[in-house]
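Start counting the sequence shown at 12; every next residue gets the next number (the working numbering). Glycine included, C-beta positions come from ideal geometry on N, C-alpha and C. Okay, structure first, notes after.
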Amino acid sequence: MTTEWHALPDTIKTFMTALDAREDDRASATFAADAVVTDDGRDYRGRDEIEAWLADSVSEYTYTSEFTGATTTAEIVDVGQHLHGDFPGGVVDLHYRFTLRDALISRLVIEP
Numbered sequence: 012m013t014t015e016w017h018a019l020p021d022t023i024k025t026f027m028t029a030l031d032a033r034e035d036d037r038a039s040a041t042f043a044a045d046a047v048v049t050d051d052g053r054d055y056r057g058r059d060e061i062e063a064w065l066a067d068s069v070s071e072y073t074y075t076s077e078f079t080g081a082t083t084t085a086e087i088v089d090v091g092q093h094l095h096g097d098f099p100g101g102v103v104d105l106h107y108r109f110t111l112r113d114a115l116i117s118r119l120v121i122e123p
């Protein structure tokens, strides 16, 4: 099912806006203690690794992002983002695939 920004779960909206604002502490608070993030083919497990990944990712490149749409299934919320910045290639469309548990992110996969 297609989902508009305003209809996304609050946890996902909080994460995405905190990520855009480079607020890694606020973003990390949206994850379960045992969460797993996969980004660029690498897994980050647990709060400590996720916090380190967030700190690195918010400082590595400067970019802007635009919400391009979302779809939801019973288990996954897939949020599309268009990024433009000073990273290699300069432009990319990414999918942020969230799995939630008890209103926290238990799994996030970021890929084109």
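Residue i - containing beta strand (DSSP E), residue span
{"i": "G96", "result": "V88 to G96"}
{"i": "G80", "result": "Y74 to T83"}
{"i": "D104", "result": "V102 to R112"}
Rounded C-alpha distance that separates residue i from residue j
{"i": "G57", "j": "S76", "result": "26 angstroms"}
{"i": "D36", "j": "T28", "result": "12 angstroms"}
{"i": "Y74", "j": "H95", "result": "5 angstroms"}
{"i": "T13", "j": "A81", "result": "6 angstroms"}
{"i": "S117", "j": "I87", "result": "11 angstroms"}
{"i": "F42", "j": "G101", "result": "28 angstroms"}
{"i": "L119", "j": "D97", "result": "24 angstroms"}
{"i": "L65", "j": "D51", "result": "13 angstroms"}
Cβ shell of residue i (< 7 angstroms), same chain only, five flanking positions each side left out
{"i": "D31", "result": "S76"}
{"i": "D89", "result": "A81, T82, H106 and R108"}
{"i": "A114", "result": "T22"}
Run of the alpha helix (DSSP H) containing residue i, from where it starts to where it stops
{"i": "A66", "result": "G57 to E71"}
Contact test: residue i Cβ vs the ligand HEM heavy atom, cutoff 7 angstroms
{"i": "R37", "result": "By its list of ligands, the structure shown contains no ligand whatsoever, and the ligand HEM lies outside what it can speak to."}
In chain order, each alpha helix (DSSP H) run of at least 4 residues that lies wholly inside the stretch 14-53: 21-31 and 35-39
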